[in-house]
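S.K.: As you go down the protein sequences, you meet chains A and B in turn.
Just so we're aligned, residue 0 is where the first sequence starts under numbering that gives the first Met the number 0, counting upward by one.
Just so we're aligned, residue 0 is where the second sequence starts under numbering that gives the first Met the number 0, counting upward by one.
Have a look at this one before I ask anything.
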Amino acid sequence: MSDASTPFLAVGAVLFILGGIGFVTRRNLILIFLSAELMLHGVSLTLVTFGRMHGNLEGQAFTIFILTVAACEAALGLSLILSLYQRTKSLDVDLWSRLREPDLPAYATPPDSELLPLEIEKPFAPSPRLTKAGGLPDIDDDFPATLASTTDPRKIYTPAPLDED
Amino acid sequence: MTDSVRQAVMFAAVAASAAGMWLATSPRAVRWRILGATLASAGLIAAVVTFEKGIGGSAQSLEDQIMFWAFAAAAIISGAFMVTSREPVYAALWFALATLGVCGLFMLQAAPFLAAATIIVYAGAIIVTFLFVIMLAQQTGRSFYDQRARTPIMAIVASWLMLGALLWNFQTWQAVERVESAGPAMKAEVLPNPLSQPDSDEAFNTLRALGRSLFGDYLYAVEICGTLLLIAAIGAIAIAPRRAEGTI
Numbered sequence: 000m001s002d003a004s005t006p007f008l009a010v011g012a013v014l015f016i017l018g019g020i021g022f023v024t025r026r027n028l029i030l031i032f033l034s035a036e037l038m039l040h041g042v043s044l045t046l047v048t049f050g051r052m053h054g055n056l057e058g059q060a061f062t063i064f065i066l067t068v069a070a071c072e073a074a075l076g077l078s079l080i081l082s083l084y085q086r087t088k089s090l091d092v093d094l095w096s097r098l099r100e101p102d103l104p105a106y107a108t109p110p111d112s113e114l115l116p117l118e119i120e121k122p123f124a125p126s127p128r129l130t131k132a133g134g135l136p137d138i139d140d141d142f143p144a145t146l147a148s149t150t151d152p153r154k155i156y157t158p159a160p161l162d163e164d
Numbered sequence: 000m001t002d003s004v005r006q007a008v009m010f011a012a013v014a015a016s017a018a019g020m021w022l023a024t025s026p027r028a029v030r031w032r033i034l035g036a037t038l039a040s041a042g043l044i045a046a047v048v049t050f051e052k053g054i055g056g057s058a059q060s061l062e063d064q065i066m067f068w069a070f071a072a073a074a075i076i077s078g079a080f081m082v083t084s085r086e087p088v089y090a091a092l093w094f095a096l097a098t099l100g101v102c103g104l105f106m107l108q109a110a111p112f113l114a115a116a117t118i119i120v121y122a123g124a125i126i127v128t129f130l131f132v133i134m135l136a137q138q139t140g141r142s143f144y145d146q147r148a149r150t151p152i153m154a155i156v157a158s159w160l161m162l163g164a165l166l167w168n169f170q171t172w173q174a175v176e177r178v179e180s181a182g183p184a185m186k187a188e189v190l191p192n193p194l195s196q197p198d199s200d201e202a203f204n205t206l207r208a209l210g211r212s213l214f215g216d217y218l219y220a221v222e223i224c225g226t227l228l229l230i231a232a233i234g235a236i237a238i239a240p241r242r243a244e245g246t247i
């Protein structure tokens, strides 16, 4: 291994770790996404460095594919985030930790001691029921309007931000 | 510096950066968090410094070394501040700065086309889209869920264990000379795909060589990537609008 390339690999590893820690600790959906992009940067830098060390261009070609997939991922992920936001009017990922039907048992509940007390009034009560699997829903002309009325954004009262400065 | 001293310094720097990151993710006043992020990035940069075998002693020129440290410091500092920033818009801007640093490192690794493409795609398109969504979603200022990290201590322990293992591996590799008994990846007879090798009379960083690799060895992959982009565009258009406005 050449001496000149190892610092590049170290920078790639550091960027990957920073992105990973952001992915785990942040609670904002968009910042989770951005942290994944930072991890991709670290991987790209490592690939380019390895390609230079071996004297061929496969690392750069692979990085271009990473770039393409990252662009697709950003488009799809942001549209999914937008549709999640339209349901809860919030970007908090913890609101989706109980993603289940209300009459089913919870598989895992987040430890409440680590969360801020969320003053949410009946957060999951008006959430829409899914269509029963197996049959086609009755689709008539009023169907989009009724469906929209069942997905009204829930009213979530967020407490005031911490006044710490 | 001998190798053992180098390793000790590296592990000390990694531990200091872990402490800084713990301080930066804890619910404290803003000056403590900025101090913690600064300590974390300084420790990480110091850990990278231990991989440099003497300033001026290596084959690189002084200008290359200066540019490497400037870009590496920009990438690491802005990465640390992006992860710990409590404001989503600031975090997106720090991410743009980290992207610029990584593009500088791409340039130093003889990949100018990749640097330009990354700047155009990330800083030009992705960051702008992220800022759009942030400003669309958070119009009321600071939100409570950005104020506290989730399980910071466990995350820091796991991540920094992995970082220490990676950097220790790199240092071990750095000490190993290239020998005949090395693994197959280090031997010369393991050839890359034929068109990905630059010609003998051709510079390494030409766009011609990269294009020949992409459209020669990886032609089918390029076609599949184009199809993937089309599918992603259709999917984003299908998902994004509200249901009442006629999603699919």
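We treat Cβ as the ideally placed atom computed from N, Cα and C, and that holds for glycine.
All values reported here derive from a predicted model rather than from experimental measurement.
Among Gly21/A, Val13/A, Thr5/A and Val47/A, whose alpha-carbon lies nearest the alpha-carbon of Pro111/B?
M.R.: Within the second sequence, the letter at position 112 stands for residue 111/B. Of the listed residues, the one whose Cα sits closest to Pro111/B is Val47/A.
S.K.: Looking at the unbroken alpha helix (DSSP H) that takes in Ile16/A, where does it start and where does it end?
M.R.: Here residue 16/A refers to the residue found at position 17 of the first sequence. Element bounds for Ile16/A: Thr5 to Thr24.
S.K.: Would you list the residues sitting across from Asn27/A in a DSSP beta bridge?
M.R.: Here residue 27/A corresponds to residue number 28 of the first sequence, with the count starting at 1. Asn27/A is bridged to Asp91/A.
S.K.: I'd like to know whether the C-beta of Arg60/A is nearer than 8 Å to at least one C-beta of chain B.
M.R.: The residue given as residue 60/A occupies position 61 in the first sequence. Here residue 60/A turns out to be Ala, not Arg, going by the sequence shown. Ala60/A counts as touching chain B.
S.K.: Would Val42/A count as contacting chain B if we go by Cβ distances under 8 Å?
M.R.: Position 43 of the first sequence holds residue 42/A. For Val42/A, the answer is no, since every Cβ of chain B falls outside 8 Å of its Cβ.
S.K.: Are Ser4/A and Arg51/A closer than 8 Å when you measure CB to CB?
M.R.: Counting from one through the first sequence, the residue named residue 4/A turns up at place 5. Counting from one through the first sequence, the residue named residue 51/A turns up at place 52. Yes, Cβ-Cβ distance for Ser4/A and Arg51/A is below 8 Å.
S.K.: Give me, in chain order, the residues of the same chain whose beta-carbon lies closer than 7 Å to that of Trp159/B; leave out the 5 immediate sequence neighbours on both sides.
M.R.: By 1-based counting over the second sequence, the position of residue 159/B is 160. For Trp159/B, where only same-chain residues beyond five positions count, the Cβ hits under 7 Å are Val13 and Ala17.
S.K.: If the criterion is Cβ atoms closer than 8 Å, does the pair Trp21/B and Ile155/B meet it?
M.R.: Translated into positions along the second sequence, residue 21/B becomes position 22. Translated into positions along the second sequence, residue 155/B becomes position 156. Contact: yes.
S.K.: Indicate whether at least one CB of chain B lies closer than 8 Å to the CB of Arg86/A.
M.R.: Taking the first residue of the first sequence as position 1, residue 86/A is located at position 87. Taking Cβ atoms only, chain B never reaches closer than 8 Å to Arg86/A, which makes this a no.
S.K.: Can you confirm whether Ile31/A, when its beta carbon is compared against all beta carbons of chain B, has any partner nearer than 8 Å?
M.R.: Sequence index remark: in the first sequence, residue 31/A carries index 32 (1-based). False, the Cβ-Cβ gap to chain B never drops below 8 Å.
S.K.: Helix or strand or just coil, what does DSSP make of Tyr144/B?
M.R.: Translated into positions along the second sequence, residue 144/B becomes position 145. Tyr144/B: helix per DSSP, three-state reduction.
S.K.: For Tyr106/A, I'd like the list of residues in its chain whose CB is within less than 7 Å of its CB, leaving aside the five on either flank, ordered along the chain.
M.R.: Position 107 of the first sequence, counting from 1, holds the residue named residue 106/A. Low local confidence applies: a pLDDT of 48 at Tyr106/A is under 50, so the model's placement there is unreliable, and no value is given.
S.K.: Check Val13/B in the structure and name its three-state DSSP category.
M.R.: Residue numbering aside, residue 13/B sits at position 14 when the second sequence is read from its first letter. Three-state DSSP puts Val13/B in a helix.
S.K.: With a Cβ-Cβ cutoff of 8 Å, do Arg36/B and Phe80/B count as a contact?
M.R.: Position 37 of the second sequence, counted from the first residue, corresponds to residue 36/B. Position 81 of the second sequence, counted from the first residue, corresponds to residue 80/B. The sequence as given places Ala at residue 36/B; Arg does not occur at that position. Yes, these two residues count as a Cβ contact at 8 Å.
S.K.: Run the CB neighbour count on Asp2/B, radius 10 Å, all protein chains shown included, and call it buried at 16 or more, exposed below.
M.R.: In the second sequence, the residue the question calls residue 2/B occupies position 3. Flag for Asp2/B reads exposed.
S.K.: Give me the Cβ distance between Glu36/A and Ala69/A, rounded to the nearest whole Å; I'm assuming they're in contact under 8 Å.
M.R.: Within the first sequence, the letter at position 37 stands for residue 36/A. Within the first sequence, the letter at position 70 stands for residue 69/A. Contact flag correct, Cβ pair sits at about 6 Å.
S.K.: How far does the alpha helix (DSSP H) with Gly225/B in it extend, from its first residue to its last?
M.R.: For this step, residue 225/B is matched to residue 226 along the second sequence. Start and end: Leu218 to Ile238.
S.K.: Contact defined as beta carbons within less than 8 Å: I believe Val4/B pairs with Pro6/A. What is the distance between those atoms, to the nearest angstrom?
M.R.: Walking along the second sequence from the start, residue 4/B turns up at place 5. Walking along the first sequence from the start, residue 6/A turns up at place 7. Actually they do not touch by this definition, with Cβ atoms about 18 Å apart.
S.K.: Which bits of chain A does Leu104/B rub up against, with CB to CB less than 9 Å?
M.R.: For this step, residue 104/B is matched to residue 105 along the second sequence. By Cβ distance, chain A contributes Phe7, Val10, Gly11, Leu44, Val47 and Thr48.
S.K.: Buried or exposed: where does Val29/B fall if 16 or more other Cβ atoms within 10 Å of its Cβ makes it buried?
M.R.: Counted from its first residue, the second sequence places residue 29/B at position 30. Its Cβ having fewer than 16 others within 10 Å, Val29/B is exposed.
S.K.: Under 8 Å, Cβ to Cβ, is there at least one residue of chain B near Ala73/A?
M.R.: Reading the first sequence from its first residue, position 74 is the one you call residue 73/A. Interface residue, yes.
S.K.: Go ahead and pull the three-state DSSP assignment for Arg207/B.
M.R.: Within the second sequence, residue 207/B is the residue found at index 208, counting from 1. It is helical.
S.K.: Measure how close the beta-carbons of Ala91/B and Ile126/B come, nearest whole angstrom, since I'm counting them as under 8 Å.
M.R.: Here the question's residue 91/B lines up with position 92 in the second sequence. Here the question's residue 126/B lines up with position 127 in the second sequence. About 6 Å separates the two Cβ atoms, so the contact holds.
S.K.: Taking all protein chains shown into account, do 16 or more other C-beta atoms lie within 10 angstroms of the C-beta of Pro193/B, making it buried, or fewer, making it exposed?
M.R.: Start at 1 with the first residue of the second sequence, and residue 193/B comes out as number 194. It counts as exposed.
S.K.: Tell me where the alpha helix (DSSP H) around Asp63/B begins and ends.
M.R.: In the second sequence, residue 63/B corresponds to position 64, counting from 1. From DSSP, the alpha helix (DSSP H) with Asp63/B extends over Leu61 to Thr83.
S.K.: Rounded to whole angstroms, what's the CA-CA distance from Pro197/B to Asn55/A? Just pull it up for me.
M.R.: As a first step, residue 197/B is located in the second sequence; it is residue number 198 there, counting from the start. As a first step, residue 55/A is located in the first sequence; it is residue number 56 there, counting from the start. Roughly 7 Å between the two C-alpha positions.
S.K.: Give the residues of chain B in contact with Ala70/A, contact being defined as C-beta atoms less than 8 Å apart.
M.R.: Locating residue 70/A in the first sequence gives position 71, where the first residue counts as 1. Simply Val120, Ala124, Ile125, Leu228 and Ala231.
S.K.: Near Cys94/B, which residues of its chain fall below 6 Å by C-beta distance, leaving aside the five closest residues on each side in sequence?
M.R.: Counting from one through the second sequence, the residue named residue 94/B turns up at place 95. It should be pointed out that residue 94/B corresponds to Phe in this sequence rather than to Cys. These residues qualify, in order along the chain: Met81.
S.K.: Quick one: list the residues of chain B neighbouring Ala35/A, beta-carbon separation under 8 Å, in chain order.
M.R.: To locate residue 35/A, count along the first sequence from 1; it is residue 36. Near Ala35/A there are no residues of chain B at all, since even the closest Cβ is about 11 Å away, more than 8 Å.
S.K.: For Gly18/A, which residues of its own chain have a beta-carbon under 7 Å away from its beta-carbon, when the five flanking residues on both sides are left out?
M.R.: Taking the first residue of the first sequence as 1, we reach residue 18/A at position 19. Cβ neighbours of Gly18/A beyond the five flanking positions: Ser34, Ala35, Leu37, Met38 and Gly41.
S.K.: Could you work out which residue in Asp200/B, Phe129/B and Glu51/B is closest to Gln170/B when comparing CA atoms only?
M.R.: Here residue 170/B is taken as the residue at index 171 of the second sequence, counted from 1. That would be Glu51/B, whose Cα lies nearest to the Cα of Gln170/B.
S.K.: Run through chain A and tell me which residues come within less than 8 Å of Val47/B, C-beta to C-beta.
M.R.: Along the second sequence, one-based indexing puts residue 47/B at 48. The answer, in chain order, is Pro6, Ala9, Val10 and Val13.
S.K.: How would you write the range of the alpha helix (DSSP H) that Tyr89/B sits in, first residue to last?
M.R.: As a first step, residue 89/B must be located in the second sequence, where it is residue number 90. Its alpha helix (DSSP H) spans residues Pro87 to Leu107.
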